[in-house]
Amino acid sequence: MPSIIVQQSDGTSYDLDDCDFKVISFDPPQLAYNQSFQQIYDDKPILSQTTVQQATIPLTLMVRAHDFEDYELQVVKLRKVFSSFEPFYVINSRIPYIRYKVVAQGFDIKRLNNFYFSQNITINLLMVDGCGETVGMTSDDSFVNDLSSWGYGENTPNTPLKYSFNSNSFSFWNLGNIPLKADSRPVLIKFKGNANNLIIKNDTTNQTWQLNSQITSDKELDITGMKPVYNGSNLFANTNHAYLDFAVGENKIEVQNASNFNISFETRFYY
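Mapping of the sequence shown onto my numbering: position 28 corresponds to residue 894, and the numbering continues sequentially without gaps.
And the structure:
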C-alpha cells in the first residue's frame, strides 16, 4: 500500500509511512449523489435535482513502535496528525496530483496484545467538499510545462491545453468530473484590455455575461462567480446580472467588443 500524505492548514506535512504509521487501506468512494424526485404523473416520477453530499474516506492503518514507551509517544503523534479543529488535506502518494479536504471523526487506538504495535485503526475522514481536487491550478507554470505532474488520465483532449488567451474565440477545457459553477466552484476570470460593453459568452452552457461600461487596458477586471471587480470597485450593478458556468469537457468561449486584450482562467479541477 502506498503511503498517505497529510497536509495540515499551517503547511505542516506528514508522510504516514515515515511516521511509522503503516497504511493498510485508503479507499476514496464515489461521489455521494443525492437525487430528488417529484411525483407529477401517477405512473412516472420526475428526477428534479441531483446534488453531491459529504462522503467518508475510510483510512485503515497500524501504529508501529520500537518499545512500550515509544508506542505511547506514537499514539500521541497520531492524535496530533489527525487533529481536526480545522480541515486538512490527504494525498495518496501514487496519485500526488489529487488531494482531499477532510476532517477526521473520532477513532479508537488499541494495542496489539503485548507487542509494540496497535491493532488495525480505522479513521473515517469526512470529505468537506464532497470530492477531490487537483493540487495544482491552471495558473501554475507547471501546467503547460509538465503535464505529467497533473496526471490527467481522463478527460484530456487531443489538443494543446491553454488557459490564457488573446483571441475572440477559444475553448476552455474543464478536465474534472464536476461542472465549475459560479455559485459553488467559481472560476476566477482575469481580463485586461480595452472594451466597451464587454461580452463573454459560453456557447456550451448558453450563458452570456455583459458589462455595460467601458474599461481600459491599464487596469484589470477580475470576475469571480457573480462578482466583477475593476480597479477595486464592484461593477455588478453595471452588468446584466448574469454569470458563467463551465461544463465538464470543452466549453466554447466568445469574447466580444474588446481589443488588445488578454483573458485568463484560474481554477482547480474536481473529481
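Cβ atoms here follow ideal geometry from the backbone N, Cα and C, with glycine treated the same way.
Fill in: Meets three-Cβ-pair contact criterion under 8 angstroms: the stretch 1112-1131 and the stretch 1023-1040
The stretch 1112-1131 vs the stretch 1023-1040: in contact.
Worksheet item: Can you tell which of Asn1117, Lys888 and Ser950 has the C-alpha that lies nearest to the C-alpha of Phe1036?
Response: By one-based count along the sequence shown, residue 1036 stands at place 170. Of the listed residues, the one whose Cα sits closest to Phe1036 is Asn1117.
Worksheet item: CB Thr1022 to CB Leu1041, shorter than 8 angstroms?
Response: In the sequence shown, the residue the question calls residue 1022 occupies position 156. In the sequence shown, the residue the question calls residue 1041 occupies position 175. Contact: yes.
Discussion item. Report the CB separation of Asp1088 from Leu1054 in whole angstroms; it is logged as a contact under 8 angstroms.
Written reply: As a first step, residue 1088 must be located in the sequence shown, where it is residue number 222. As a first step, residue 1054 must be located in the sequence shown, where it is residue number 188. Yes, Asp1088 and Leu1054 are in contact; Cβ-Cβ is about 7 angstroms, under 8 angstroms.
Discussion item. Per the DSSP calculation, Ser879 is bridged to which residue(s)?
Written reply: Residue numbering aside, residue 879 sits at position 13 when the sequence shown is read from its first letter. Gln873.
Worksheet entry | Inter-residue spacing [alpha-carbon to alpha-carbon] between Met928 and Asp884 | Walking along the sequence shown from the start, residue 928 turns up at place 62. Walking along the sequence shown from the start, residue 884 turns up at place 18. Looking at the two C-alpha atoms, the distance is approximately 13 angstroms.
Practice prompt. Quick one: measure Cβ to Cβ for Thr1070 and Ala1108, integer angstroms, because I've assumed they're closer than 8 angstroms.
Written response: By 1-based counting over the sequence shown, the position of residue 1070 is 204. By 1-based counting over the sequence shown, the position of residue 1108 is 242. No, Thr1070 and Ala1108 are not in contact; Cβ-Cβ is about 15 angstroms, not under 8 angstroms.
Worksheet item: Touching or not, the stretch 917-936 and the stretch 885-902, by the rule of three or more beta carbon pairs under 8 angstroms?
Response: yes
Worksheet item: Arg945 by DSSP, collapsed to three states: which one?
Response: Within the sequence shown, residue 945 is the residue found at index 79, counting from 1. Helix at Arg945.
Worksheet entry | Distance, Asp1111 Cα to Thr922 Cα | Position 56 of the sequence shown, counting from 1, holds the residue named residue 922. Position 245 of the sequence shown, counting from 1, holds the residue named residue 1111. Distance between the alpha carbons of Thr922 and Asp1111: 27 angstroms.
Worksheet item: Quick one: what's got a C-beta closer than 6 angstroms to Thr1090's C-beta in the same chain, skipping five residues either side?
Response: On the sequence shown, position 224 is the one that residue 1090 refers to. Counting only Cβ-Cβ distances below 6 angstroms, and skipping sequence neighbours, we find Pro1052 and Leu1054.
Practice prompt. Compute the Euclidean distance between the alpha carbons of Asn1060 and Ile906, then round it to the nearest angstrom.
Written response: Residue mapping note: residue 1060 aligns to position 194 of the sequence shown, counting from 1. Residue mapping note: residue 906 aligns to position 40 of the sequence shown, counting from 1. Each residue's Cα considered, the two are about 51 angstroms apart.
Worksheet item: Taking Gln901 as the reference, which of Ile1081, Lys910 and Gln919 has the closest Cα?
Response: Position 35 of the sequence shown holds residue 901. Gln901 has its Cα closest to that of Gln919, out of Ile1081, Lys910 and Gln919.
Worksheet item: Using 8 angstroms as the threshold, is the stretch 1091-1107 in touch with the stretch 955-963, meaning 3 or more CB pairs across them?
Response: With a cut-off of 8 angstroms, the stretch 955-963 and the stretch 1091-1107 do not count as touching, because too few Cβ pairs lie within range.
Item to complete: Would you mind stating whether Pro894 and Tyr966 have Cβ atoms separated by less than 8 angstroms?
Response: One-based indexing of the sequence shown puts residue 894 at position 28. One-based indexing of the sequence shown puts residue 966 at position 100. In contact: Pro894 and Tyr966 (Cβ atoms closer than 8 angstroms).
Practice prompt. Can you tell me which of Lys1085, Ile1081 and Phe1102 puts its alpha carbon nearest to the alpha carbon of Trp1075?
Written response: For the purposes of this step, residue 1075 is taken as residue 209 along the sequence shown, with counting starting at 1. Of Lys1085, Ile1081 and Phe1102, the residue nearest in Cα terms is Phe1102.
Worksheet item: What residue does the beta strand (DSSP E) around Val1001 start on, and which one ends it?
Response: Here the question's residue 1001 lines up with position 135 in the sequence shown. No beta strand (DSSP E) holds Val1001; DSSP gives it neither H nor E.
Worksheet entry | Enclosing beta strand (DSSP E) for Leu1054 [first to last residue] | Looking up residue 1054 in the sequence shown gives position 188. Counting along the chain, the beta strand (DSSP E) containing Leu1054 begins and ends at Leu1054 to Asn1068.
Worksheet item: Per DSSP, Ala970 forms a beta bridge with which residues?
Response: For this step, residue 970 is matched to residue 104 along the sequence shown. Paired residues: Leu991.
Worksheet entry | Through-space distance from Leu1027 to Asp881, alpha-carbon basis | Start at 1 with the first residue of the sequence shown, and residue 881 comes out as number 15. Start at 1 with the first residue of the sequence shown, and residue 1027 comes out as number 161. Spanning the two alpha carbons is a distance of roughly 32 angstroms.
Discussion item. Are the CB atoms of Ile987 and Ile870 within a distance shorter than 8 angstroms?
Written reply: Position 4 of the sequence shown, counted from the start, is the residue given in the question as residue 870. Position 121 of the sequence shown, counted from the start, is the residue given in the question as residue 987. Against a cut-off of 8 angstroms, the Cβ pair of Ile987 and Ile870 comes out as no contact.
Worksheet item: Cβ of Ile975 within 8 angstroms of Cβ of Val947?
Response: Numbered from 1 along the sequence shown, position 109 holds the residue referred to as residue 975. Numbered from 1 along the sequence shown, position 81 holds the residue referred to as residue 947. No.
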